[in-house]
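Heads up: the sequence shown begins at 1 in full-length UniProt numbering, then just goes up one per residue.
A virtual CB, placed ideally from N, CA and C, is assigned to each residue, including glycine.
Comments concern the structure below.
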Amino acid sequence: MVRKVNDYLAKVFWRVPARLNMGIMIFMGCFLIYLLRVNMSINILAMVESQNGENLPNYGERFPWDAGQQGLLLGADFWGYMITAIPGAYLAERIGAKVVIEFAFLVNTLITILCPLAAHHGFSSIYAARIVMSFMGGPLFPCFHNLIARWIPPNEKGMYMACMQGGTLGTIFTWQMIGFLVEVIGWPWGGFYVPAIFALIGIGFWVFLVYDSPDKHPRITIEEKNFIESSLGDSLSKKKKIPPYLKVIKSVPFWALMVLHYGSLWGLFFLLAATPKFLSEILNFQIGMTGFYSSLPHAARLIFSFIFGAVGDLVRKRKLLTNTQMRKFFCLFSHILPGLCFVGLCFVREPYTCIALLTLAMAFSGASVITNLQNCQDLAPNFAASLYGILNTIATTSGIVSPLVLSYFTQEENTFENWNYVFLISSGIYFGSALVFAIFGSGEIQPWNTIEPQEEVEHSD
Numbered sequence: 001m002v003r004k005v006n007d008y009l010a011k012v013f014w015r016v017p018a019r020l021n022m023g024i025m026i027f028m029g030c031f032l033i034y035l036l037r038v039n040m041s042i043n044i045l046a047m048v049e050s051q052n053g054e055n056l057p058n059y060g061e062r063f064p065w066d067a068g069q070q071g072l073l074l075g076a077d078f079w080g081y082m083i084t085a086i087p088g089a090y091l092a093e094r095i096g097a098k099v100v101i102e103f104a105f106l107v108n109t110l111i112t113i114l115c116p117l118a119a120h121h122g123f124s125s126i127y128a129a130r131i132v133m134s135f136m137g138g139p140l141f142p143c144f145h146n147l148i149a150r151w152i153p154p155n156e157k158g159m160y161m162a163c164m165q166g167g168t169l170g171t172i173f174t175w176q177m178i179g180f181l182v183e184v185i186g187w188p189w190g191g192f193y194v195p196a197i198f199a200l201i202g203i204g205f206w207v208f209l210v211y212d213s214p215d216k217h218p219r220i221t222i223e224e225k226n227f228i229e230s231s232l233g234d235s236l237s238k239k240k241k242i243p244p245y246l247k248v249i250k251s252v253p254f255w256a257l258m259v260l261h262y263g264s265l266w267g268l269f270f271l272l273a274a275t276p277k278f279l280s281e282i283l284n285f286q287i288g289m290t291g292f293y294s295s296l297p298h299a300a301r302l303i304f305s306f307i308f309g310a311v312g313d314l315v316r317k318r319k320l321l322t323n324t325q326m327r328k329f330f331c332l333f334s335h336i337l338p339g340l341c342f343v344g345l346c347f348v349r350e351p352y353t354c355i356a357l358l359t360l361a362m363a364f365s366g367a368s369v370i371t372n373l374q375n376c377q378d379l380a381p382n383f384a385a386s387l388y389g390i391l392n393t394i395a396t397t398s399g400i401v402s403p404l405v406l407s408y409f410t411q412e413e414n415t416f417e418n419w420n421y422v423f424l425i426s427s428g429i430y431f432g433s434a435l436v437f438a439i440f441g442s443g444e445i446q447p448w449n450t451i452e453p454q455e456e457v458e459h460s461d
């Protein structure tokens with residue numbers, strides 16, 4: 001069966017470079033993650049009762065969850081990331097990223113199907129379901145980093161790191177689709193069952209089109225395989241090694257990256273969770289238009305991620321800046337300018353100006369594909385998955401904390417003035433994280449990327 005499928009795919013994709021196919025599948029994988037992940041930020045608007053007694057449209061049963069419970073539910077998607085990102089990265093480097101990704105996708109899809117039943121059973125049930133989904137989501141992005149490290153030449157990594165912005169398209173598609181479908185068929189089908197169907201289809205493509213490395217791909221040409229391996233050179237070992245965790249923890253450039261990554265994820269996760277609420281409850285848009293306008297910042301981020309990725313690859317190929325200089329310079333776009341947009345939100349009240357500032361903030365943050373998102377590939381290509389796993393373990397706490405910070409300032413009085421406190425906190429985190437990286441960050445391979453032979457743990461492929 002598998003051989004027949006591969007023979008058919010070889011005829012269909014014989015002109016498509018295998019690494020381009022890998023980039024497309026990584027984009028689709030990130031798309032699927034967010035298809036199942038960000039639906040709750042729209043669904044919750046249709047699932048909860050009004051806090052001020054107003055009549056709300058009937059999109060299905062509504063639940064008496066207060067602002068604190070809503071904040072917990074929106075933050076539930078991040079708890080497991082702190083626990084499973086590092087073990088998932090280790091598994092990717094030991095047994096391969098492909099099987100880890102397939103298992104995680106399948107479990108999350110099945111849980112998504114069960115979410116409406118869990119909601120009717122009680123808040124604790126759906127909260128637990130979303131936490132289990134976050135456990136399965138933890139290994140995914142480290143696994144994608146592992147695939148990029150093993151498949152993509154250094155001078156092409158900017159564009160392929162942009163493929164990890166497939167999650168941004170997933171956000172756009174989910175908010176657009178769910179905002180419409182919830183109004184038409186209600187939140188159980190529109191918010192959960194339909195996204196799960198898309199995910200099941202995507203898993204089928206992933207099974208037959210993705211392989212852990214060029215030497216395992218049944219359809220790659222000899223020319224492309226040799227090109228990839230010669231481009232990666234000595235920076236990547238074919239032997240499986242135990243990550244040098246102690247050396248990583250002692251690394252100043254790694255901790256500078258950690259701070260930079262935390263700042264980037266704070267801004268991203270804050271807007272993922274808060275934008276629909278801000279547009280609906282502060283700017284007074286209806287749920288359908290809330291989904292549309294909430295997607296605009298993420299559409300801008302997706303487009304500008306590929307633009308910044310291409311610019312970064314060009315800068316590297318032409319050696320206009322050293323790798324370290326390039327990473328630090330583009331923090332101006334990925335962190336400083338989004339922070340200034342957040343400051344600007346404190347001084348405007350006109351709805352469409354607010355949307356414009358949110359859109360600009362996310363557009364500039366697209367530069368993260370050549371700053372914090374790519375830097376672990378610089379420091380240690382052999383352990384890119386493990387580094388990103390550690391990064392996400394800590395930085396993903398921003399996805400838990402930011403909704404709680406928002407609920408703290410808005411629980412008693414949900415006003416523009418109280419939102420300003422959260423905007424200012426977010427801008428400060430952006431500015432501070434960029435400053436730390438500018439002082440202590442690096443774009444060079446670290447000595448601990450190479451392990452002495454006696455420290456290696458070989459694993460037959």
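Can you check whether the CB of residue j is closer than 8 angstroms to the CB of residue i?
i: residue 138; j: residue 34; result: no
i: residue 257; j: residue 140; result: no
i: residue 420; j: residue 346; result: yes
i: residue 431; j: residue 339; result: yes
i: residue 422; j: residue 437; result: no
i: residue 71; j: residue 283; result: no
i: residue 184; j: residue 46; result: no
i: residue 299; j: residue 36; result: no
i: residue 545; j: residue 260; result: A query on residue 545 cannot be resolved here, the shown segment of the chain reaching from 1 to 461 and no further.
i: residue 155; j: residue 316; result: yes
How is the alpha helix (DSSP H) around residue i delimited, first residue to last?
i: residue 151; result: 140-151
i: residue 341; result: 337-345
i: residue 183; result: 166-185
i: residue 211; result: Segment: none, residue 211 is in no alpha helix (DSSP H) and carries neither H nor E.
i: residue 232; result: 222-232
i: residue 251; result: Residue 251 -> no alpha helix (DSSP H), and no H or E assigned at all.
i: residue 131; result: 123-137
i: residue 441; result: Run containing residue 441: none; DSSP gives neither H nor E here.
i: residue 157; result: 157-162
Closest to residue i by CA distance: which of the options is it?
i: residue 201; options: 132, 307, 41 and 110; result: 110
i: residue 190; options: 361, 40, 29 and 360; result: 40
i: residue 83; options: 439, 393 and 323; result: 393
i: residue 100; options: 126, 147 and 60; result: 147
i: residue 38; options: 122, 178 and 365; result: 178
i: residue 303; options: 350, 143, 131 and 163; result: 163
i: residue 375; options: 365, 388 and 76; result: 388
i: residue 172; options: 58, 447 and 275; result: 275
i: residue 309; options: 450, 366, 119 and 186; result: 366
i: residue 337; options: 362, 316 and 348; result: 362
i: residue 80; options: 225, 427 and 398; result: 398
i: residue 254; options: 372, 174 and 183; result: 372
i: residue 188; options: 18, 382, 445 and 42; result: 42
i: residue 244; options: 382, 218, 133 and 145; result: 382
i: residue 214; options: 150, 435, 418 and 105; result: 150
i: residue 85; options: 327, 395 and 161; result: 395
At the level of alpha carbons, what is the spacing between residue i and residue j?
i: residue 358; j: residue 220; result: 42 angstroms
i: residue 128; j: residue 48; result: 18 angstroms
i: residue 64; j: residue 114; result: 20 angstroms
i: residue 277; j: residue 20; result: 38 angstroms
i: residue 286; j: residue 353; result: 18 angstroms
i: residue 447; j: residue 246; result: 13 angstroms
i: residue 28; j: residue 135; result: 20 angstroms
i: residue 131; j: residue 78; result: 7 angstroms
i: residue 301; j: residue 194; result: 25 angstroms
i: residue 341; j: residue 364; result: 10 angstroms
i: residue 443; j: residue 321; result: 11 angstroms
i: residue 440; j: residue 263; result: 15 angstroms
i: residue 118; j: residue 107; result: 15 angstroms
i: residue 159; j: residue 68; result: 40 angstroms
i: residue 22; j: residue 96; result: 15 angstroms
i: residue 272; j: residue 222; result: 43 angstroms
i: residue 292; j: residue 305; result: 20 angstroms
i: residue 386; j: residue 74; result: 26 angstroms
i: residue 368; j: residue 120; result: 39 angstroms
i: residue 18; j: residue 92; result: 20 angstroms
i: residue 241; j: residue 281; result: 51 angstroms
i: residue 400; j: residue 265; result: 11 angstroms
i: residue 26; j: residue 144; result: 7 angstroms
i: residue 348; j: residue 279; result: 14 angstroms
Query raised in the report: Curious, which full-length beta strand (DSSP E) runs of at least 3 residues does the stretch 379-423 contain?
Result: none
**Report entry** Entirely enclosed alpha helix (DSSP H) segments - the stretch 20-101, minimum 4 residues
**Finding:** 39-47, 67-75 and 81-95
Report task. Would you list, in sequence order, the uninterrupted beta strand (DSSP E) runs of no fewer than 3 residues that lie entirely inside the stretch 283-365? Result -> none
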